[in-house]
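S.K.: Before I ask anything, let me first share the structure, which is written out below as structure tokens.
There are 2 protein chains.
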Amino acid sequence: MTTRDPTATGLARLAALFADETRAACLLALLDGRAWTASELARHAGVAASTLSEHLGRLVAGGLLTEERQGRHRYVRLAGAHVAQLVEDLTAQVAPGTAVRPRSLREASAGSAMARGRTCYDHLAGRLGITVTDALTARGLLQQETGFALTDAGLTWFESAGIGLDRRSRRPLTRACLDWTERRPHLAGVAGAALCRHALDTGWCVRVGSERAVKVTAAGEQALFDLLGVEPAALR
Amino acid sequence: MTTRDPTATGLARLAALFADETRAACLLALLDGRAWTASELARHAGVAASTLSEHLGRLVAGGLLTEERQGRHRYVRLAGAHVAQLVEDLTAQVAPGTAVRPRSLREASAGSAMARGRTCYDHLAGRLGITVTDALTARGLLQQETGFALTDAGLTWFESAGIGLDRRSRRPLTRACLDWTERRPHLAGVAGAALCRHALDTGWCVRVGSERAVKVTAAGEQALFDLLGVEPAALR
DNA sequence: CGGACGCTTCGGCCGCCGCCGAAGTGTCCC
DNA sequence: GGGACACTTCGGCGGCGGCCGAAGCGTCCG
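Protein chains in written order, with full-length UniProt numbering: chain A, 1 to 236; chain P, 1 to 236.
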């Protein structure tokens, strides 16, 4: 007990940050990749502002969040893709257990909008994310047989679609992220993020409500059909 | 507060299992992929048997461990590769912070044995894992440029080396696992596990001590040189 | 059969942590 | 300047959870 494994100490300390329902709710909310103010999160989590302030202090001190003060507001966001990935990994482990039984119509429709399409921090998820990933795979742009990697044709596709990929990033170019509604892998990593950013920038998708859900626009349906042969019906 | 997000509840509950130093120490110890008895873990963690019994109860109930009773012994092991991956992911996040400063000679040499080669649940890690992964990559058997995937040549290599790969598993064939000593990715997933099992079965490596460390044998040096062109010096 | 041993249960202790409301600080806007 | 507002700090409360030792149960072995 005198000399404890420092790795164990660190692991426990890190996990403790996730091990509270209020903080967990904040982290899940922040998975949308945007910055939230302290009071927005307090309302979202259903606790007093003072309580949430302390939680934010811990999360920031623990390196999970970064903050940005603007006037009387304190904006926080996830500290990076690595944190988002951790939240996703833990959530994926959890989702199997939760019987998804929405209790109100409002919740049900919000849930289905989320299932249809949403962002996972910085890439597309939900049925939209799966559909795009499947389309990339079917066209030979992404291969999942022996791993999860773009093919040469895939690299060319991104280039010709005008979606720039930062090849020098330390972050992996592609990564498989397990979807907790669909339970199937979808494209994450640098390529997934670039695709998502492009989709939002060019109006293929728009955010719906204040949550993570996104909706494909008419222009988006057209573009996905032209570039990947995705039938619009698959997106609804 | 009346209707809380079930995902947040589950996430917090799961994280709470990791959020205790004693349980964290157990999970790290179990990363060697073997079954430990309750009293071994109690001694390892430095707590009373009664205390550890309760911890094991929680970990098993939470689905992180599976148990196997034999006579008066209770053997526990990680519930699967997914759990090991979670522990690894969290640890990788933690390791950056821990200044690695061994305080005794014994600890230092144990640490360096671990750094030289060890298992990460069911695949090779440490410098050994990195070296093998690099060799596979240099020979065009594994490609990391646009993802992390075996090439066709890689599939052939496994076959001709007599290392069977279960292609029908739901687990990904390859996965990049971030090493916490080397901070570089090494081969995990089905292929990584098969390679490690083969290495231990055929005596390329042997376990050293009761921990996760492994050592390359003379036969192993020869085999790795023949099959992958790895210079024996790179393994020492 | 009896003692050693591995594990579990129980009661009790203690410290930590999440929660709140009240009061305080700084910012913005009229 | 003054009031509304976002956030923080503080004190206090309550509960949970980790820890232990003692006692109990089952297994193993001489």
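C-beta atoms are modelled at their ideal positions from N, C-alpha and C, and glycine is treated no differently. Treat the numbers as computed from the prediction; the structure is a model and nothing was measured.
Take R127 of chain P and list the residues in its own chain whose beta-carbon comes closer than 7 Å to its own, dropping the five residues that flank it on each side.
M.R.: A115, R116, G117 and E182
S.K.: Closer than 7 Å between beta carbons: that is the criterion. Which residues of the segment 113-144 of chain P meet it against chain A?
M.R.: Q143
S.K.: Can you tell me the Cα-Cα spacing of L142 of chain P and W36 of chain P, whole angstroms?
M.R.: Each residue's Cα considered, the two are about 34 Å apart.
S.K.: Can you confirm whether D89 of chain A, when its beta carbon is compared against all beta carbons of chain P, has any partner nearer than 8 Å?
M.R.: yes
S.K.: Kindly indicate which three-state DSSP category A79 of chain P falls into: helix, strand or coil?
M.R.: coil
S.K.: For the beta strand (DSSP E) that contains R207 of chain A, what are its first and last residues?
M.R.: Counting along the chain, the beta strand (DSSP E) containing R207 of chain A begins and ends at C205 to R207.
S.K.: Apply the 10 Å Cβ neighbour rule to R43 of chain P and answer buried if 16 or more other Cβ atoms are within range, or exposed otherwise.
M.R.: Counting the other CB atoms within 10 Å of its CB gives R43 of chain P a total below 16, which places it among the exposed residues.
S.K.: For R13 of chain A, which three-state DSSP category applies?
M.R.: Residue state, collapsed to three classes: helix.
S.K.: Taking C205 of chain A and A188 of chain A to be in contact with their CB atoms under 8 Å, please state how far apart those CB atoms are, rounded to whole angstroms.
M.R.: In fact, because the Cβ distance is near 16 Å, the residues do not count as touching under 8 Å.
S.K.: Would you mind giving the Cβ-Cβ distance between A12 of chain A and F18 of chain P, rounded to the nearest angstrom? I have them listed as a contact below 8 Å.
M.R.: 7 Å
S.K.: Between L11 of chain P and chain A, is there a C-beta pair that is closer than 8 Å?
M.R.: yes
S.K.: Would you list the residues sitting across from T66 of chain A in a DSSP beta bridge?
M.R.: A:R77
S.K.: So, does the CB of A213 of chain A fall closer than 8 Å to a CB anywhere in chain P?
M.R.: no
S.K.: If we define contact as Cβ-Cβ less than 8 Å, is E21 of chain P a contact residue for chain A?
M.R.: yes
S.K.: Taking only beta-carbon positions, decide if L14 of chain A is within less than 8 Å of chain P.
M.R.: yes
S.K.: So that I know if they touch, is there some Cβ in chain P lying closer than 8 Å to that of V190 of chain A?
M.R.: no
S.K.: Among P:L30, P:T22 and P:T9, which residue has its Cα nearest to the Cα of E21 of chain A?
M.R.: P:T9
S.K.: What first and last residue would you give for the beta strand (DSSP E) that runs through R175 of chain A?
M.R.: Unbroken beta strand (DSSP E) run through R175 of chain A: R175 to L178.
S.K.: Of the residues that make up the segment 31-63 of chain P, which ones have a beta carbon closer than 7 Å to any beta carbon in chain A?
M.R.: G46
S.K.: Evaluate contact between the segment 80-87 of chain A and the segment 44-56 of chain P, counting only Cβ atoms and requiring at least three cross-stretch pairs below 8 Å.
M.R.: no
S.K.: On the three-pair Cβ rule with 8 Å, is the segment 161-168 of chain A touching the segment 212-221 of chain A?
M.R.: No, they do not touch.
S.K.: Considering V47 of chain P, what are the terminal residues of the alpha helix (DSSP H) in which it resides?
M.R.: Here V47 of chain P belongs to no alpha helix (DSSP H), and DSSP marks it neither H nor E.
S.K.: Residues of chain A with CB under 7 Å from L187 of chain P, in chain order?
M.R.: Under the 7 Å cutoff, chain A gives no residues; its nearest Cβ is about 10 Å from L187 of chain P.
S.K.: Is the shortest distance between the beta-carbon of F158 of chain P and the beta-carbons of chain A less than 8 Å?
M.R.: no
S.K.: Report the residue from A:L31, A:V132, A:P6 and A:R167 whose alpha carbon sits nearest the alpha carbon of T91 of chain P.
M.R.: Of A:L31, A:V132, A:P6 and A:R167, the residue nearest in Cα terms is A:P6.
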